[in-house]
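Presented below is the structure to which this report refers.
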Amino acid sequence: MYHLPDLPYEYGALAPAISEDIMRLHHLKHHQGYVDKLNSALEPFPELQTRELTDLLTRLHELPEQVQTAVQDQGGGHYNHSLFWRCMSPDGGGTPSGALGQALAARWGSFEAFKEAFTAEAVGLFGSGWVWLTRDLEILALPNQETPLALDKGEPLMGIDIWEHAYYLDYHNRRDEYIQHWWDVVNWPHIQAAYEAR
Ligand code: MN
Numbered sequence: 270m271y272h273l274p275d276l277p278y279e280y281g282a283l284a285p286a287i288s289e290d291i292m293r294l295h296h297l298k299h300h301q302g303y304v305d306k307l308n309s310a311l312e313p314f315p316e317l318q319t320r321e322l323t324d325l326l327t328r329l330h331e332l333p334e335q336v337q338t339a340v341q342d343q344g345g346g347h348y349n350h351s352l353f354w355r356c357m358s359p360d361g362g363g364t365p366s367g368a369l370g371q372a373l374a375a376r377w378g379s380f381e382a383f384k385e386a387f388t389a390e391a392v393g394l395f396g397s398g399w400v401w402l403t404r405d406l407e408i409l410a411l412p413n414q415e416t417p418l419a420l421d422k423g424e425p426l427m428g429i430d431i432w433e434h435a436y437y438l439d440y441h442n443r444r445d446e447y448i449q450h451w452w453d454v455v456n457w458p459h460i461q462a463a464y465e466a467r
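What follows is the structure in structure tokens.
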């Protein structure tokens, strides 16, 4: 059985970047929905229920055919949102330092240039999806609940949810404003630690 993880902060803690109303709906309804649907899809396969989610996602095409779509969509949704909550903090914002700060500047020219490129992908993504920064410092825009992990494109370090449920209540159609405010809550110390972990 998979479970909804607690948020590492209060529902209202990311306001005004993301309101308490959005955080409650997003965590308690949307994320819970992915967890519930993943569990029900895996019900006929007890041996899969005890596997790590990252293991299911990286071996997606070795799974029984009838659960592959559910693992990609619902399992991806569970994985992506679990990562998303941890990538944000009420004390967030600013710029990364340490090895990640140096690597981003080396790869993209400067942190500002990286931020611009990432923002452009997020603003331009068609439909619902996510924009990711992978361990290889690639920026990837992926549709729906696909993860870089499942596509063999490496481990995601951070991602932004570009589904309308992530911002519409606060920002309506102004996705660019959501993205600009999201940078104010990015939890760089957490992302730096993930980058340095291996
Ligand atoms: Mn979402």
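Residues 270 to 467 in the numbering used here are what the sequence shown lists, from first letter to last.
Where a beta carbon is used, it is the ideal one built from N, C-alpha and C, also for glycine.
- The beta carbon of Leu352 lies closer than 8 Å to those of Pro425, Met427 and Gly428 in the same chain, with the five residues before and after it left out.
- The beta carbon of Trp451 is closer than 7 Å to those of Ala286 and Ile429 in its chain, skipping five residues each way along the sequence.
- Checking the 6 Å criterion, the Cβ of His347 is out of range of every heavy atom belonging to ligand 1.
- A heavy atom of ligand 1 is found nearer than 6 Å to the CB of Ala435.
- Relative to ligand 1, Asp430 has its C-beta within less than 6 Å of a heavy atom.
- Here Trp401 carries a strand assignment [DSSP, helix/strand/coil].
- In this structure, DSSP gives Leu418 a state outside helix and strand, which the three-state scheme calls coil.
- In the assembly as shown, Thr416 is a buried residue. Its beta-carbon has 16 or more other beta-carbons within 10 Å.
- When DSSP states are grouped into helix, strand and coil, Pro412 belongs to the strand group.
- Counting only runs of 4 or more residues that sit fully inside the region 320 to 359, the alpha helix (DSSP H) segments are 322 to 327, 334 to 339 and 345 to 355, in chain order.
- For His299, the shortest separation between its Cβ and any heavy atom of ligand 1 lies below 6 Å.
- Under the three-state reduction of DSSP, Leu426 is assigned to strand.
- Under the criterion of beta carbons closer than 8 Å, Ala368 and Glu465 qualify as touching, at roughly 6 Å.
- Of the candidates Ser309, Glu279 and His434, the residue whose Cα lies closest to the Cα of Met357 is Glu279.
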